[in-house]
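Q: Handing you this structure, nothing more for now.
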Amino acid sequence: MRIADNSTPLTTTALQTKVGSATARPKVGIANVVAVWLWLGWIANYWFSVVLACALAWLRWRTALGCLVGFYALLFALPRDAGVQMFGSTIGRWIVRRAAEYFAMRVLFEDVHAIRDSGSPLIFALEPHDVLPVSMLAFHATLDWIPGHVCAGLMTSAVFRLPGMKSVYSMLSAHSVDRATFSRLLQRGTSVCFCPGGVQEVIHLERENEVVLFLNARLGFAKLALQHRTPAVPAFTFGLAGTYSHRFMRGPIAERIARTIGFLPGVFWGLGAIPFGPPRPRTLTTVIGKPLPLPAGLPADGSPPPEMVREYHGQFVVAMRALFETHKAAMGMSQVCLRII
3 MRIADNSTPL TTTALQTKVG SATARPKVGI ANVVAVWLWL GWIANYWFSV
53 VLACALAWLR WRTALGCLVG FYALLFALPR DAGVQMFGST IGRWIVRRAA
103 EYFAMRVLFE DVHAIRDSGS PLIFALEPHD VLPVSMLAFH ATLDWIPGHV
153 CAGLMTSAVF RLPGMKSVYS MLSAHSVDRA TFSRLLQRGT SVCFCPGGVQ
203 EVIHLERENE VVLFLNARLG FAKLALQHRT PAVPAFTFGL AGTYSHRFMR
253 GPIAERIART IGFLPGVFWG LGAIPFGPPR PRTLTTVIGK PLPLPAGLPA
303 DGSPPPEMVR EYHGQFVVAM RALFETHKAA MGMSQVCLRI I
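Under the numbering used here, the sequence shown is numbered contiguously, ending at residue 343.
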């Protein structure tokens, strides 16, 4: 699943292509659909369980209800890493490889050598979030698409509280996007990938021909980058639009709920119009920019002053906008505008 390196000089129309899926178009086969379902379709599985229980209830409703409650009680009681303990990372690696084909994922670099030779872990800040940030899978260590780095995906802690889903994400080597985990991974020499805009971006998905990134208030990762002396790297995925259709709640109450539980209340559907099921297959291309140089004069005690954090964060926002504007035409999105809030 590796594409040969093209080390020709970078221009505004040509990128250094490093790695990607061997399929030019999304490959929708039974195995790939099953893999994506295991990865993203767990909420739909809850619905199917209820339907199955209702069907069985016509025969022996007490038995059906008892089995359903017992099954999910067991899933809830299992430790987060139960899947890894039972199956290791075999299932996780299989899901990753199949899902990469399902989306015909590829990764393009503005400067692959700067990534490979960074000399330290990197913070890959990936946008946009869309309904689900499925393109984060391109950074998984199984694919080995990020030269010189082993990456860990960070996501909302909500997925680690849901029965079944928490086991799947543990097999995918995912981690919670809290400050302590962030710091622990960087100190261990592991690069991280996360979506700084998060669920707040889902609120603005209704706008046609516009991508909204919720970045202006996200200074936390910039501070962590300076504290750990690990450069931030802007990355943008083209092609996410249309993976899901959706209807979400709007307004201040919905936003408050989203911040509390990590999800925006609503419904979304993709392949086969299945509520909360797997997404539609789309070709996903992630363009990775250059690492942002760390400023001179970083304090030795790891406590950068607020003005230094704001300046570094501002440089990141400018770099993210430039990344999108430079490559959107080549990705078939010339009519799309970027708005950063």
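Backbone N, C-alpha and C define an ideal beta-carbon position, used for all residues, glycine too.
Note that this is a predicted model, so its numbers are computed, not measured.
1. Cutting at 6 Å between CB atoms, please list the residues of its own chain near L221, excluding the five before and the five after it.
2. Specify the secondary structure class of T144 as computed by DSSP and reduced to three states.
3. Using only alpha-carbon positions, find the residue among E103, S122, N218, I205 that is nearest to R284.
4. Since H131 contacts A154 with CB under 8 Å, what's their CB separation in whole angstroms?
5. Please go through the same chain and pick out, in chain order, the residues whose beta-carbon is closer than 8 Å to the beta-carbon of H230, but skip the five residues on each side of it.
6. My understanding is that P281 touches L134, with C-beta atoms under 8 Å, so please give their C-beta distance in whole angstroms.
7. In whole angstroms, give me the CA-to-CA distance for E257 and V235.
8. Where does P301 land, buried or exposed, given buried means 16+ other C-beta within 10 angstroms?
9. Under the assumption that G268 contacts M251 (Cβ atoms under 8 Å), give the Cβ distance between them as a whole number of angstroms.
10. For A237, list the residues DSSP reports as bridge partners.
11. Could you please give the first and the last residue of the uninterrupted beta strand (DSSP E) stretch that includes S247?
12. Just the Cα atoms here: how many angstroms apart are I259 and E208?
13. Measure the alpha-carbon distance for K330 versus H115 and round it to whole angstroms.
14. Any idea what DSSP makes of I117, helix, strand or coil?
15. How long is the line joining the alpha carbons of V179 and V194, rounded to whole angstroms?
16. Who pairs with L134 in a beta bridge, going by DSSP?
17. Considering Cα atoms alone, identify which of S247, V319, K225, S137 is closest to E309.
A: A quick look at the data gives this:
1. V311, H315
2. coil
3. E103
4. Actually they do not touch by this definition, with Cβ atoms about 18 Å apart.
5. P123, S185, L188, Q189, G304
6. Your pair P281 and L134 checks out as a contact, with CB atoms roughly 7 Å apart and the cut at 8 Å.
7. 28 Å
8. exposed
9. 5 Å
10. L128, I290
11. 247-250
12. 19 Å
13. Roughly 23 Å between the two C-alpha positions.
14. helix
15. 10 Å
16. Answer is none; L134 lacks a bridge partner.
17. K225
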